[in-house]
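Note sheet for the following structure.
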DNA sequence: CGAAAGTAGTTGCTTGCGCAAGTATCTAGC
DNA sequence: GCTAGATACTTGCGCAAGCAACTACTTTCG
């Protein structure tokens, strides 16, 4: 009723919209990446994050934060990618508790090959979300963030 | 380099921001709902969706769409909530393949009790995300969607 | 009418996730 | 320099998700 309650409702509505948009984009990416490269969305995220990193290596914790995953999930995620030869673990010299992960050449190649698929799918997913009245304003807002 | 490539990068950046914001909000909600009511975020979403529905009943398929879940996951999700007595299945009279789900009184009560926790956690999560430079523009955009 | 195709929901199986506990390493305080 | 506590990663376990196969019902069309 009051102004305060409105704010609550606006937030809840915004969150539902955000979740819906996130869900639909993720589902489309998941499908496209799966069929084109047997990669899941998080796996792609890891490769992409590593490639965008100076020196191409990150510690497990950073990876966990970048993917919004628990550290145990990160361990297994890195295991999978390492088993496929897409990245390697490198022991930290200065802090021997730490482990760096780094893209291998096949990993870089795969990422390079899959990136276009990813980007096109993302564009398509956004375009189709823009057709949904519920989602349209958020999609437009996304495109208008800071162009850095 | 060109204008086209910029657009691709803007979309990718937007998607990473969206995913990050979604992830952090979901994690906070998950924790808060878990400790206050043993409910997961999707479970809360179901109860909330049902309560906002005319006549308080929805078909499984609608629920699946509302939660962005597969139909098998929806079956088991409804099972869990039904086992806890929070909702009931009601056979469709006009189409006997269909099944309606409807909040029970305990379900309504629980939702009513948990909603404040949910809303406050959401507000807090948004506020703290707003402190992160990366996320701040999106959070602001979210609040400025259509106030319907 | 009756067979074929389509739709709604459930079940079996596999996979990936989070939590909690475990191991190894680093850092402080005495 | 040694012990107490923090930090980085891994492992065991239970749970929830998706896919594909199944059952039950409805619709379509010859």
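Protein chains in written order, with the working numbering: chain A, 175 to 322; chain B, 175 to 322. Using N, Cα and C, we set each Cβ at its ideal position, and we do this for glycine too.
query	result
Same chain, Cβ closer than 6 Å to residue 203 of chain B, neighbours up to 5 away in sequence not counted	215, 295
Member of A:252, A:277, A:273, A:261 whose CA lies at the smallest distance from the CA of residue 233 of chain A	A:273
Alpha carbon of residue 279 of chain B to alpha carbon of residue 301 of chain B, nearest angstrom	33 Å
Under 8 Å from the C-beta of residue 268 of chain B: neighbouring residues of chain A	Neighbours of residue 268 of chain B on chain A: none; closest Cβ ~28 Å, over 8 Å.
Option nearest residue 277 of chain A by Cα separation, candidates A:190, A:311, A:257	A:257
Assigned exposure category for residue 199 of chain B - 16 Cβ within 10 Å defines buried	buried
Residue burial classification, residue 298 of chain B (beta-carbon count within 10 angstroms, cutoff 16)	exposed
Per DSSP, the bridge partner or partners of residue 231 of chain A	A:276
Beta carbon of residue 261 of chain B nearer than 8 Å to that of residue 224 of chain B	yes
DSSP three-state assignment for residue 185 of chain A, whether helix, strand or coil	helix
Segments assigned alpha helix (DSSP H), at least 4 residues, entirely inside the region 191-279 of chain A	215-225, 234-241, 245-257
Whole-angstrom C-beta distance between residue 306 of chain A and residue 206 of chain A, which should lie under 8 Å	Contact flag wrong, Cβ pair sits at about 19 Å.
Residue burial classification, residue 217 of chain A (beta-carbon count within 10 angstroms, cutoff 16)	buried
Members of the region 184-213 of chain B that neighbour chain A once the beta carbon cut-off is set at 9 Å	184, 185, 186, 187, 188, 189, 190, 191, 192, 193, 194, 195, 196, 197, 198, 199, 200, 201, 203
Run of the alpha helix (DSSP H) containing residue 311 of chain A, from where it starts to where it stops	310-317
Interfacial residues, the region 230-243 of chain B to chain A, with Cβ spacing under 8 Å	242
Positions along the region 270-297 of chain B whose CB lies within less than 7 Å of some CB in chain A	293, 296, 297
Cutoff 6 Å; reference residue 312 of chain A; Cβ partners in own chain excluding five residues on either side	191, 195
C-alpha distance - residue 180 of chain B paired with residue 230 of chain A, whole-angstrom precision	22 Å
Below-8 Å beta-carbon distance, residue 328 of chain B vs any chain A residue	This structure cannot speak to residue 328 of chain B, because chain B is shown only from 175 to 322.
Chain A contact residues for residue 315 of chain B, given Cβ-Cβ distances below 8 Å	312, 315, 316, 318, 319
CA nearest to the CA of residue 288 of chain B, picked from B:193, B:187, B:209	B:209
Cα-Cα separation between residue 265 of chain B and residue 247 of chain B, rounded to whole angstroms	19 Å
Contact with chain B by residue 300 of chain A, beta-carbon distance below 8 Å	yes
Cβ-Cβ distance between residue 242 of chain B and residue 240 of chain A below 8 Å	no
8 Å contact criterion, which residue 245 of chain B and residue 235 of chain B should meet: CB distance rounded	7 Å
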